[in-house]
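>
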Amino acid sequence: MIIAVDGPTASGKGTIAMALAKHFGLPHLDTGLLYRAVGRQVELIGGDADNGENALAACEFPEGLLSDDILRSESTGSLASRVSVHPAVRQALYERQRAFATQSGGAVLDGRDIGTVIAPEAEVKLFVTASVQARAHRRHAEMLGRGLSVRLEDIEADLARRDARDMNRADAPLKPAPDALLFDTTSFSREQAIEAAIEVVQGMLR
Ligand code: DC
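If you use the working numbering, the sequence shown corresponds to residues 1136 to 1341, in order.
Here's what the structure looks like:
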């Protein structure tokens, strides 16, 4: 069984994907991490994230980079959004994601285009959303918890910018697959979102 969990930044899709993977005993891939690694690598090689050739060269990042904490920073998230616009980058990361999705026994993947491009055949497709304000509050609390001081308004503005870029790019834009179930977490706590998602998926499999 393939479970595709798509949605914008800080919608709760990562938390939900991880919980579903645990509940159904499936391996999980956070595909945003791959784009974040490319974004970080482009910076490390002194390239420009908006340049397609530089971004493609950065797809050859060392595996160890995937566990670097810096990938979780807002600035790397922004670079990831910029490199993800280039079709050559998306193509370079396709096989790895496709192989993970189609491994025997199934998998859970979260990202932006899992249900539309990477695994259109997925048995379960969730499109997780939440208001920009709710997402900014969550990201703000998470960053404060990590000892980082950032302004809520700056986070909100950055999220809105990334949403616009992710939704308006020509190649594999962020949008729900026609057969995806929309799952709005705006008024849910983390625990409520997890519980509701498991229930929804169980319902879909019955
Ligand atoms: O989910 P995230 O915030 O870690 O993703 C970072 C960026 O990577 C996001 O702004 C767009 C890009 N991305 C993508 O284009 N396709 C995916 N499947 C996952 C992420």
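By construction, the Cβ of each residue, glycine as well, lies at the ideal position given by its N, Cα and C atoms.
Keep in mind the model is a prediction, meaning the values are calculated, not measured.
Would DSSP call residue 1264 helix, strand or coil?
To locate residue 1264, count along the sequence shown from 1; it is residue 129. Strand at residue 1264.
> So what does DSSP say about residue 1275, is it helix, strand or coil?
Along the sequence shown, one-based indexing puts residue 1275 at 140. Looking at residue 1275 - three-state DSSP - the assignment turns out to be helix.
> Does DSSP put residue 1318 in a helix, in a strand, or in coil?
The residue given as residue 1318 occupies position 183 in the sequence shown. Of the three classes helix, strand and coil, the one that applies to residue 1318 here is strand, per DSSP.
> DSSP puts residue 1139 in a beta bridge; with which residues?
Here residue 1139 corresponds to residue number 4 of the sequence shown, with the count starting at 1. Answer is 1244, 1260, bridged to residue 1139.
> Return yes when the Cβ of residue 1294 is within less than 8 Å of the Cβ of residue 1151, no when it is not.
If you number the sequence shown from 1, residue 1151 lands on position 16. If you number the sequence shown from 1, residue 1294 lands on position 159. Contact flag unset, no.
> Would DSSP call residue 1301 helix, strand or coil?
Here the question's residue 1301 lines up with position 166 in the sequence shown. Looking at residue 1301 - three-state DSSP - the assignment turns out to be helix.
> If you follow the beta strand (DSSP E) that residue 1164 is part of, which residue opens it and which one closes it?
To locate residue 1164, count along the sequence shown from 1; it is residue 29. Unbroken beta strand (DSSP E) run through residue 1164: 1163-1165.
> Give the C-beta separation of residue 1241 and residue 1136 to the nearest angstrom, bearing in mind that I take them to be a contact with Cβ-Cβ under 8 Å.
Position 106 of the sequence shown, counting from 1, holds the residue named residue 1241. Position 1 of the sequence shown, counting from 1, holds the residue named residue 1136. Sure, about 4 Å apart at Cβ, within 8 Å.
> So, with DSSP's three-state summary, where would you put residue 1193?
Within the sequence shown, residue 1193 is the residue found at index 58, counting from 1. It is coil, neither helix nor strand.
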